[in-house]
Amino acid sequence: MLCAKIVKTSLLSTVQDLGRTQLEHLGVRASGAMDVFASRVGNRLLGNAPDCAVLESTFGGDKLVFDGPTQIAVTGADVDVQVNGMKHPMWSQIYIKAGDELALGFVREGARAYISVLGGWQTPRVLGSRASDLARALGDDALNAVSIGQALPYLESDPTTWRGLSYPLARRAELYQSANLIKRIRLIEGPEKARLTKAFLKYCEHGVFTVGKESNRQALTLETEADCPPPLSEPGADIVSSYTAFGTIQVPAHGRLTVLMADRQSTGGFARIGQVVAADLPVLGQLRQGQQMCFSWVSIEEARSLQTYFESMIEYALLSSPLN
């Protein structure tokens, strides 16, 4: 087993995989990558299984020194990627030799970059997952945020597996809506959508929502324009505590829409007015404070079609052209 020493970390650097979703019915937080598309494509480029652990860097700035040879890919938010001071492209395979230093610049667009390594980071599994546990609910120090001086274990590379794959910019730009200053987030109806006021439903047809300063890996709290009517006539803890998912939109007691994210609780007692379609969750995972979004409602059938297309975009990583 080889190791990569952490020389510098981002604002928040954590090891993530696809989380503990199989244990949510027992009250365990799922955690996992905030941008599943970037995580899965990084693993796909390296030939890893989809749930291999990646390093999630919030706003960039990480530095790692590798003990021995391997292959990596950096995906997600737009950052400069340098190996021993030489720039390398994102969303592509990068070959690493013993003693190489990987340095990420600070994020220019987006919020989270992902460092995938061949075979995945080999940190300890807890309840079947390597995902961090920032809430300390599981009480295992191995699931803390990454710190300077820590050594992340990884498997030694077989150089014959090198293929030089990359993922095209046009496909990424399409999924992340790079040309849109206001991101369009598609929703299916939540169990309590019928409780929304008519005035708020009308606002949703043209209104804009802004990511608030209280947002984090647990949830995005959304601010609205001054003329926005209240979503519910009586917001608050007004339903029997029920199942929530990544992308569930609740209306807590403060009356602002809250989009539950990777570190969400498994149940909640607030009205669930909508569910973000899986294909738009990576967009949410890359939003930062002050960025804006608008909503549009879609049917379950449309959401399923979007999910099928989303999966095909991940598979597209294996059809990408080798680097020139």
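Letter by letter, the sequence shown follows residues -6 to 317 in the working numbering. Don't be surprised by glycine CBs; every beta carbon is placed ideally from N, CA and C.
*Between the C-alpha atoms of L97 and E49, what's the straight-line distance to the nearest angstrom?*
Taking the straight line from one Cα to the other gives about 12 Å.
*Is C(-4) near P117, with beta carbons less than 8 Å apart?*
In this structure, C(-4) sits away from P117, with a CB-CB distance that is not shorter than 8 Å.
_Helix, strand or coil, according to DSSP, for Y147 in the structure here?_
In the structure shown, Y147 sits in a strand (DSSP, three-state: E or B).
*Within 10 angstroms of the Cβ of M83, are there 16 or more other Cβ atoms? Answer buried if so, exposed if not.*
Buried.
*May I ask you to list the residues that DSSP assigns as paired with F288?*
Looking at the DSSP output, F288 sits in a beta bridge with I178.
*Express the C-alpha separation of D28 and N209 in angstroms, rounding to a whole number.*
The alpha-carbon atoms of N209 and D28 are separated by roughly 13 Å.
*Whole angstroms is fine: what's the gap from P161's alpha carbon to L168's?*
A direct Cα-to-Cα measurement between P161 and L168 gives close to 12 Å.
*Would you decide whether K1 is buried or exposed? Buried here means 16 or more other CB atoms lie within 10 Å of its CB.*
Looking at its Cβ environment, which holds fewer than 16 other Cβ atoms inside 10 Å, K1 is exposed.
_By DSSP's criteria, R105 is part of a beta bridge. Which residues make up the other side?_
In the DSSP output, where bridge partners are listed per residue, R105 has T51.
_How far does the alpha helix (DSSP H) with E167 in it extend, from its first residue to its last?_
L162 to Y169 is the span of the alpha helix (DSSP H), which, as asked, contains E167.
*Pick from S171, D44, L280 and N41: whose alpha carbon is nearest that of V204?*
Nearest to V204 by C-alpha distance, out of S171, D44, L280 and N41, is L280.
_Three or more C-beta pairs under 8 Å: does that hold for the stretch 258 to 265 against the stretch 2 to 11?_
Put simply, the stretch 258 to 265 does not touch the stretch 2 to 11. Fewer than three CB pairs are less than 8 Å apart.
_Could you tell me the alpha carbon to alpha carbon distance between S226 and G40, rounded to whole angstroms?_
The alpha-carbon atoms of S226 and G40 are separated by roughly 51 Å.
*Determine the extent of the alpha helix (DSSP H) in which S234 is found, giving its start and end residues.*
S234 -> no alpha helix (DSSP H), and no H or E assigned at all.
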